[in-house]
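Q: Chain order of the listed sequences is A and B. Take 1 as the starting number for the first sequence in this note's numbering and just add one per residue. Take 389 as the starting number for the second sequence in this note's numbering and just add one per residue.
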Amino acid sequence: MSDTTATATTTTRGGTASNPNKPVLKVGNVSKTFPISAGLFRKALTLTALDDINLTVANGETLGIVGESGCGKSTLGRCILQLIKPDEGSVELYGQELTTLPTEQMRMMRQDLQIIFQDPLASLNPRMTVGEIIGDPLRVFLSKTHMSKAERRKRVIKMMEAVGLLPEMINRYPHEFSGGQAQRIGIARALITEPKLVVCDEPVSALDVSIQAQILNLLADLKDEFGLTLVFISHDLSVVRHVSDRILVLYLGQIVESAPREDLYHDPKHPYTKALLTAIPIADPKKARERTIEGLIGEVPSPISPPSGCRFRTRCPYAIDKCAEERPPLEQAGFNRNVACIRWREIENGTAKPRHRDPTAGASPADTSAASLPDHEGPKAFPTLEPR
Amino acid sequence: MAAVLEVRDLNVTFELYQRQVAAVADLNFTLNEGETLAIVGESGSGKSQAFLAIMGLLARNGRATGEAVFGNTNLLTLKADALDRYRGRDIAMIFQDPMTSLNPSLRIDTQLKEVLVKHKQQTSEVAHRNVVEMLERVGIPEPGKRARSYPHELSGGMRQRVMIAMALLCQPKILIADEPTTALDVTVQAQMLELFKDLTDHFGTSLVLITHDLGVVAGVADRMMVMYAGRAVETGSVNELFYDPRHPYTFGLLHSTTHVEHTGERLAPVKGLPPSLENLPSGCAFHPRCPYRFEPCDQKRPELTSREHGRLAACFYEGEMEREDLETAEVEAEMQP
Chain A
1 MSDTTATATT TTRGGTASNP NKPVLKVGNV SKTFPISAGL FRKALTLTAL DDINLTVANG
61 ETLGIVGESG CGKSTLGRCI LQLIKPDEGS VELYGQELTT LPTEQMRMMR QDLQIIFQDP
121 LASLNPRMTV GEIIGDPLRV FLSKTHMSKA ERRKRVIKMM EAVGLLPEMI NRYPHEFSGG
181 QAQRIGIARA LITEPKLVVC DEPVSALDVS IQAQILNLLA DLKDEFGLTL VFISHDLSVV
241 RHVSDRILVL YLGQIVESAP REDLYHDPKH PYTKALLTAI PIADPKKARE RTIEGLIGEV
301 PSPISPPSGC RFRTRCPYAI DKCAEERPPL EQAGFNRNVA CIRWREIENG TAKPRHRDPT
361 AGASPADTSA ASLPDHEGPK AFPTLEPR
Chain B
389 MAAVLEVRDL NVTFELYQRQ VAAVADLNFT LNEGETLAIV GESGSGKSQA FLAIMGLLAR
449 NGRATGEAVF GNTNLLTLKA DALDRYRGRD IAMIFQDPMT SLNPSLRIDT QLKEVLVKHK
509 QQTSEVAHRN VVEMLERVGI PEPGKRARSY PHELSGGMRQ RVMIAMALLC QPKILIADEP
569 TTALDVTVQA QMLELFKDLT DHFGTSLVLI THDLGVVAGV ADRMMVMYAG RAVETGSVNE
629 LFYDPRHPYT FGLLHSTTHV EHTGERLAPV KGLPPSLENL PSGCAFHPRC PYRFEPCDQK
689 RPELTSREHG RLAACFYEGE MEREDLETAE VEAEMQP
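Structural data, given as structure tokens:
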């Protein structure tokens, strides 16, 4: 991996890090809000996309980040890449702080820090050939003196073969490709600079099932081949389970639980994780019919006016008055795992009982303070979610 | 079980640059009363176009031939105004994106009332009462208030509920749902699927669920039909197809699906790319990607033939299928990525 290290700037590539045990990525107390203009005569609102996020990613690890729409998972991915500047907090790649790095140096860092986007066709320039697209990072990062055009082409062809594209397609344009092939092009472009960390933002969500599986297998192979560290963002828990070593569950901009993969799936501690897991469709008719869905009522509240205290409490079957008072701290809950719920111990030992969702009952008292936006609370009690 | 819809030899073709492209070819199936039939396939398999054709909603360059018999009427021969007597009343359809199916400038109740006023000749007041009742039935809180909202004021899940309410107002015999939960979050999707189950039980509606998601199919459907390149390749009960698939494509789809209960295990997807409808392979359209292709496959097209218990499969190969075969399969050159 040392063939691309020499660059004109003072920043050396992070990959030269001396200590392999050091985390590749360290995100500390990152917060991000977006102003929302509410109209001429209305008060401007603030959308809290990320609220005090801490995480580390070890060398060679795949960290899965899951959550529903609006939970901030994509914003987090973009904050890691400095495509969005976080309001607060630090993002360190191999100990190098990125948030304060001058633009030009940050640019050079990007060869170590790449992203694969969800919509493969939209992320490719329609006027460039496949060869130009995949080779472009090399052109940007390595001036002509470091790599000749012919050499660049050779590298592009090697990368096309690695991602399963036929080299003779090098002069074609993106519109000639299907979604799965376009995603292969996106992956080739991300990997050509031999990055250390790749953020995959919903890389297979737009693809058909069989193509999705091909791309997941490809990512697994490339990870081994190139020694990659991955941050894998997805709303699909079965996909995340398939690829990740460790998983982080986000809800409305906060981490509610983090755990090694198997622990999270076999023994979820946070009520949200529990509900999320039972909501995943199982592609097995018998199991799918046997299980009861620990259904959640309603939908994710708006991040513009999140509920006070624990943000999940408006949908949580275990919520009590105290949940509205303050944000539950992310507590250690076993080896290498954390959970943000003041009742997780009670839930685990069975002393906390889920609220019975009575279809005729009104909204629970906890709901009222969060109901400032119209579609906040969803159906107060969803009759069909009771186990039948 | 009585059949509510019988489709015979349905062909859908589109004229593209003076060429005829077949999106659906020789489709035959029966939808029974009260059952949920899943239509499974990837993009371009013709699963949506088949039902748009039945509903008379094809794009201008599209043409449908064959029969889609509802009651004693072949829907495919009806003109738009005659078809309107059935659409929305006996057969309703909901789409993936609820926002594009709702009129953004009309209040929810205005849009929903129209259905009842038109099909059931109800007065506005009666219709309004029925609308509010149906909104409540599909789990919308404060239905009276929500009825006065505009679509943009509702969240995605709420809008999809409104669509379902609209589709169910006339208590249709058939509800066609085209990827109804694909755009929704997983917890909301779970609510929707439970709602579908409840509603089909309650109203006895036959549900056609068009989807690519085998997880959704497993939980909701009774029977399923797998489509590939415009043709049905296998039909049968959900259990039969999931546990004992007979067509290599069905088998491959099942091994492509990420399964929340299996981990670390490498997926064994069907290799290669789906064919272009403009340039279909000879013989069986799946043969270039098929691990079990043999002599006749590129010459002759296998017909859907009956296997036991009335299940059907369109494949010459009748032997065992193993996961390893998918991994070691060689894809013919033209279908390689």
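Cβ coordinates follow ideal geometry from the N, Cα and C atoms, glycine included.
Can you grab the Cα-Cα spacing for the pair A:Ala-49 / A:Ile-36, in whole Å?
A: Distance between the alpha carbons of A:Ala-49 and A:Ile-36: 12 Å.
Q: Does DSSP put B:Ala-447 in a helix, a strand or coil?
A: Three-state result, B:Ala-447: coil.
Q: Quick one: which unbroken alpha helix (DSSP H) runs of 4-plus residues sit fully inside the segment 598-664 of chain B? Chain order, please.
A: For the segment 598-664 of chain B, whole alpha helix (DSSP H) runs of length 4 or above, ordered along the chain, are 602-608, 626-631 and 636-644.
Q: For a contact defined as C-beta to C-beta under 8 Å, what are the partners of B:Arg-785 on chain A?
A: No answer is possible for residue 785 of chain B: it lies beyond the span of chain B, which begins at 389 and ends at 725.
Q: Does B:Ser-431 have its Cβ less than 9 Å from a Cβ in chain A?
A: Chain A contact via Cβ: present.
Q: Among residues of its own chain, excluding the 5 on either side of B:Asp-469, which ones have a beta-carbon nearer than 7 Å to its beta-carbon?
A: The answer is none, since no qualifying residue turns up.
Q: Start and end of the alpha helix (DSSP H) containing A:Leu-76?
A: Start and end: 73-80.
Q: Compute the distance between the beta-carbons of B:Ala-702 and B:Arg-689, then report whether it is under 9 Å.
A: Yes, the pair counts as a contact, with Cβ atoms nearer than the cut-off.
Q: Assign A:Glu-202 to buried or exposed, taking buried as 16 or more other Cβ atoms, counted over all protein chains shown, within 10 Å of its Cβ.
A: The residue in question, A:Glu-202, is buried, as its Cβ has 16 or more Cβ neighbours within 10 Å.
Q: Taking B:Gln-408 as part of the beta strand (DSSP E), name the residues at either end of that continuous run.
A: First-last of the beta strand (DSSP E) with B:Gln-408: 407-420.
Q: Using CA coordinates, which residue listed in A:Asp-245, A:Pro-303 and A:Arg-343 is at the minimum distance from A:Cys-316?
A: Considering only alpha carbons, the answer is A:Arg-343.
Q: Relative to the C-alpha of B:Arg-536, which candidate in B:Leu-446, B:Ile-552, B:Val-519 and B:Arg-611 has its C-alpha closest?
A: Ranking the options by Cα distance to B:Arg-536, first place goes to B:Val-519.
Q: Kindly list the residues whose CB is nearer than 8 Å to the CB of B:Val-614, restricted to its own chain and excluding five residues on each side of it in sequence; keep chain order.
A: Answer for B:Val-614: Val-428, Gly-429, Ala-620, Val-621, Glu-622, Thr-623, Leu-629, His-635, Tyr-637, Thr-638 and Leu-641, listed in chain order.
Q: So which of B:Ser-436, B:Leu-404, B:His-540 and B:Gln-579 has the shortest CA-CA distance to B:Tyr-616?
A: Closest option to B:Tyr-616, Cα to Cα, is B:Ser-436.
Q: Is A:Gly-89 helix, strand or coil by DSSP?
A: In this structure, A:Gly-89 counts as strand in the three-state DSSP scheme.
Q: Leaving aside the five residues before and after B:Lys-508 along the sequence, list all residues of the same chain whose C-beta is less than 7 Å from its C-beta, in chain order.
A: If we look at B:Lys-508 and ignore the five residues flanking it on each side, its Cβ neighbours are Cys-558.
Q: Would you check if there are 3 or more beta carbon pairs closer than 8 Å linking the segment 463-477 of chain B to the segment 441-450 of chain B?
A: The answer is yes - the segment 441-450 of chain B touches the segment 463-477 of chain B, with three or more Cβ pairs under 8 Å.
Q: Does the beta-carbon of B:Arg-448 have 16 or more other beta-carbons within 10 angstroms, so that it is buried, or is it exposed?
A: Result: exposed.
Q: Taking the CB atoms as reference points, tell me whether A:Met-108 and A:Ile-134 lie closer together than 9 Å.
A: Going by C-beta atoms, A:Met-108 is not nearer than 9 Å to A:Ile-134.
Q: Can you tell me whether B:Glu-397 is helix, strand or coil according to DSSP?
A: The amino acid at residue 397 of chain B is misidentified as Glu; the sequence shows Asp. B:Asp-397: strand per DSSP, three-state reduction.
Q: Between which two residues does the alpha helix (DSSP H) holding A:Val-130 run?
A: It spans 130-141 - the alpha helix (DSSP H) in which A:Val-130 sits, taken as one unbroken run.
Q: Since A:Asp-208 meets chain B, which of its residues come closer than 7 Å, beta carbon to beta carbon?
A: Ordered by position in chain B, the residues that pass the 7 Å Cβ test against A:Asp-208 are Glu-430, Ser-431 and His-600.
Q: Quick one: is B:Ala-606 near chain A, going by C-beta distance under 9 Å?
A: It does; some Cβ of chain A falls within 9 Å.
Q: Are the C-beta atoms of B:Asn-627 and some chain A residue less than 9 Å apart?
A: Yes, its Cβ sits closer than 9 Å to a Cβ of chain A.
Q: Are the Cβ atoms of A:Val-27 and A:Thr-62 separated by less than 9 Å?
A: No, they are not a contact pair.
Q: State yes or no: is the beta carbon of A:Ala-8 nearer than 9 Å to at least one beta carbon in chain B?
A: Note on A:Ala-8: pLDDT 40, under 50, position unreliable in the model; no value is reported.
Q: Along the beta strand (DSSP E) that carries A:Thr-48, what are the first and last residues, could you check?
A: First-last of the beta strand (DSSP E) with A:Thr-48: 45-57.
Q: Could you check if A:Asn-338 is buried or exposed, using at least 16 other CB atoms within 10 Å of its CB as the buried criterion?
A: Buried, since its Cβ has 16 or more Cβ neighbours within 10 Å.
Q: What residues of chain B sit near A:Gly-60, judged by a beta carbon separation below 7 Å?
A: In chain order: nothing, as chain B lies at least about 15 Å away.
Q: Quick check: what's the CA-CA separation for A:Lys-394 versus B:Leu-595?
A: Nothing about residue 394 of chain A can be reported from this structure: the residues present for chain A run from 1 to 388 only.
Q: Give, in chain order, every residue of the segment 556-575 of chain B whose Cβ lies closer than 7 Å to some Cβ of chain A.
A: So the list reads Asp-573, Val-574 and Thr-575, given in the order they occur along the chain.
Q: Tell me the start and end of each unbroken alpha helix (DSSP H) in the segment 520-563 of chain B that is at least 4 residues and wholly inside, in chain order.
A: If we require 4 residues or more, the alpha helix (DSSP H) runs fully inside the segment 520-563 of chain B come out as 531-534 and 544-556.
Q: Indicate the three-state DSSP secondary structure (helix, strand or coil) for A:Leu-218 in the structure shown.
A: If DSSP states are grouped into helix, strand and coil, A:Leu-218 belongs with the helices.
Q: Identify every run of the alpha helix (DSSP H) within the segment 668-719 of chain B, keeping only runs that are complete inside it and at least 4 residues long; order them along the chain.
A: Those alpha helix (DSSP H) runs which fall completely within the segment 668-719 of chain B and span 4+ residues are 711-716.
Q: Closest to A:Ala-162 by C-alpha separation, out of A:Ala-190, A:Pro-260 and A:Glu-176, would be which residue?
A: Cα-wise, what sits closest to A:Ala-162 is A:Ala-190.
Q: Please state whether the Cβ-Cβ distance between B:Ala-606 and A:Asp-284 is less than 9 Å.
A: Yes. Within cutoff.
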